[in-house]
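Data block below; observations after.
In the UniProt record's numbering, the protein residues as written are 1 to 110.
Listed below in structure tokens is the structure:
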């Protein structure tokens, strides 16, 4: 009697392991899909950043620089060196050369 009970328990363990293996396989497929989507989004994000940078360079091309007054050219030079030129943060360093809308408005605004 003990042998049949042991065999039945072994069969139950085998079924549980197969169920768990199936669940792990499904989870692996979901993780693969998420990783693939993440990679695609990262590539698309980089493409969009590159495109935005190109558009910004075109927008602030040499033509627009020549139209600036001498004082605005000086502000632009300070801004490119990593300093704020807006009235709220004037003279403080821009962390990681982050863009500042207020500074851009001070330099290029009309």
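A virtual CB, placed ideally from N, CA and C, is assigned to each residue, including glycine.
How far does the alpha helix (DSSP H) with residue i in it extend, from its first residue to its last?
i, result
"residue 104", "101–108"
Could you tell me which residues DSSP pairs with residue i in its beta bridges?
i, result
"residue 93", "83"
Give me the Cβ distance between residue i and residue j, rounded to the nearest whole Å; I'm assuming they're in contact under 8 angstroms.
i, j, result
"residue 107", "residue 57", "Actually they do not touch by this definition, with Cβ atoms about 15 angstroms apart."
"residue 76", "residue 68", "7 angstroms"
Contained alpha helix (DSSP H) runs [length at least 4] in the segment 49–81, N- to C-terminal order: 62–67 and 70–80
query: Are at least three pairs of beta-carbons, each pair with one atom in the segment 99–110 and one in the segment 75–87, less than 8 angstroms apart?
result: yes
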